[in-house]
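A.B. asks: Got a structure for you, questions after.
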Amino acid sequence: MKHLIKEFCIGSIDDVMKIKEKNKKEFHRFETCSHLEFGGYTPTEETFNFIKNNYKEHSQVVMIRNTESFVLKDENKINKLIYDIKKFLNLGAKSFIFGYINDDYEIDQKLCLKLINEIKKVEGTSYCFHMAIDEVVNYNTAFETLIKLGFKRVLTKGGKTQAIDNIDRLKKMQELYGDKIEIIVGGKVDFNNYKLIHKETDILQFHGRKIINTSQN
């Protein structure tokens, strides 16, 4: 089997504390958030620093988001996003995830560029697009836009429902764009089904709150 990358989505230090010693080699990266009940908002400094100090072998992707909607026009909230990017860059963050669309259900290039330009002020940084991709009217146009904007990775479930229901579309995404942008599958992906999704799609990266088994057994 090819080398698979698992990204563990967490919303607090409490989530991190559930990780057992046996789990540490079972995943590679954190998506660091808060308020997972809303799909994930920008994390606290405390959560970021806790992971940074205690999981030095694992990378972090910092969520940049402060509203449940993927359409954002409020300048104060946009300025807060930029403020948060600056703050986490100063704390040592190297990778960010965000995603916004416009009223036409296309990638909001103007807003994304504002955030990208802030991130790129620090060398060696990268940025990823989150599941707002699954709200667009045309996946092909959206993928081409993300590639043009320089996104390293895109998180998708391949449709409106959970990933396991969208195997055909995920496979097509990988065939068309997998050599131009990294595709990571989320949407009810867990330690039981990620290998099946890989087998059917040839995608190598998987994301979820249950991507590792943190139970006592």
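Be aware that the sequence shown starts at 20, since it is given in this note's numbering, and climbs by one per residue. Even glycine gets a Cβ: it sits at the ideal position worked out from N, Cα and C.
#1: In its own chain, which residues sit with a C-beta less than 7 Å from the C-beta of Asn121, not counting the 5 before and 5 after it?
#2: Excluding the five sequence neighbours on either side, which residues of its own chain have a C-beta within less than 7 Å of the C-beta of Asn185, listed in chain order?
#3: Report the CB separation of Glu125 from Ala161 in whole angstroms; it is logged as a contact under 8 Å.
#4: What does the alpha-carbon distance come out to for the pair Lys191 and Asp209?
#5: Please determine, among Glu40, Leu223, Val141, Lys21, the residue with the shortest C-alpha to C-alpha distance to Thr233.
#6: Spell out a yes or no on whether the region 196 to 215 and the region 225 to 232 are touching, meaning 3 or more CB-CB pairs, one atom from each, closer than 8 Å.
#7: Assuming Ile166 contacts Lys199 under a Cβ cut-off of 8 Å, what Cβ separation, rounded to an integer in Å, is found between them?
#8: Taking only runs of the alpha helix (DSSP H) that begin and end inside the region 68 to 147, which ones reach a length of at least 4 residues, in chain order?
#9: Which residues mark the beginning and the end of the alpha helix (DSSP H) in which Arg22 is found?
#10: Let's see if you can read the secondary structure: which residues bound the alpha helix (DSSP H) around Thr233?
#11: At which residue ranges does the region 32 to 59 contain complete beta strand (DSSP E) runs of 3 or more residues, listed in the order of the chain?
#12: Quick check: the region 53 to 73 against the region 26 to 38, are there 3 or more CB pairs under 8 Å?
#13: What span of residues does the alpha helix (DSSP H) with Thr164 cover, start to end?
#14: For Ile202, report the span of its beta strand (DSSP E) as first-last.
#15: With a Cβ-Cβ cutoff of 9 Å, do Phe117 and Leu132 count as a contact?
#16: Mapping the DSSP letters down to three states, classify Thr180 as helix, strand or coil.
C.D. replies: This is what the structure holds:
#1: Here residue 121 refers to the residue found at position 102 of the sequence shown. In its chain, beyond the 5 residues on either side, Val90, Asp127 have a beta carbon closer than 7 Å to the beta carbon of Asn121.
#2: Along the sequence shown, read from residue 1 onward, the residue named residue 185 stands at position 166. Closer than 7 Å at the Cβ level, and outside the excluded window around Asn185, lie Lys176, Gly177, Gly178.
#3: Here residue 125 refers to the residue found at position 106 of the sequence shown. Here residue 161 refers to the residue found at position 142 of the sequence shown. The Cβ separation is near 7 Å, so the contact holds.
#4: One-based indexing of the sequence shown puts residue 191 at position 172. One-based indexing of the sequence shown puts residue 209 at position 190. Note on geometry: alpha-carbon atoms of Lys191 and Asp209 lie some 21 Å from one another.
#5: Within the sequence shown, numbered from 1, the residue matching residue 233 stands at position 214. Taking only the C-alpha atoms, the option nearest Thr233 is Glu40.
#6: In this structure the region 196 to 215 touches the region 225 to 232; the number of beta carbon pairs closer than 8 Å is three or more.
#7: Here residue 166 corresponds to residue number 147 of the sequence shown, with the count starting at 1. Here residue 199 corresponds to residue number 180 of the sequence shown, with the count starting at 1. Right, their Cβ atoms sit about 5 Å apart.
#8: Runs of the alpha helix (DSSP H) inside the region 68 to 147: 94 to 109, 128 to 138.
#9: Within the sequence shown, residue 22 is the residue found at index 3, counting from 1. Correcting the residue type first, residue 22 is His in the shown sequence and not Arg. Per DSSP, His22 belongs to no alpha helix (DSSP H) and is neither H nor E.
#10: Taking the sequence shown and counting its residues from 1, one reaches residue 233 at position 214. Careful: Thr233 lies outside any alpha helix (DSSP H) and carries neither H nor E.
#11: Listed in chain order, the complete beta strand (DSSP E) runs (minimum 3 residues) inside the region 32 to 59 are 48 to 51.
#12: Contact holds: three or more Cβ-Cβ distances are below 8 Å.
#13: The residue you call residue 164 lines up with position 145 of the sequence shown. Segment 158 to 168, the alpha helix (DSSP H) holding Thr164.
#14: Residue numbering aside, residue 202 sits at position 183 when the sequence shown is read from its first letter. For Ile202, the enclosing beta strand (DSSP E) starts and ends at 201 to 204.
#15: As a working mapping, residue 117 is identified with position 98 in the sequence shown. As a working mapping, residue 132 is identified with position 113 in the sequence shown. No.
#16: Translated into the one-based positions of the sequence shown, residue 180 becomes position 161. Note: Thr180 maps to coil in three-state DSSP.
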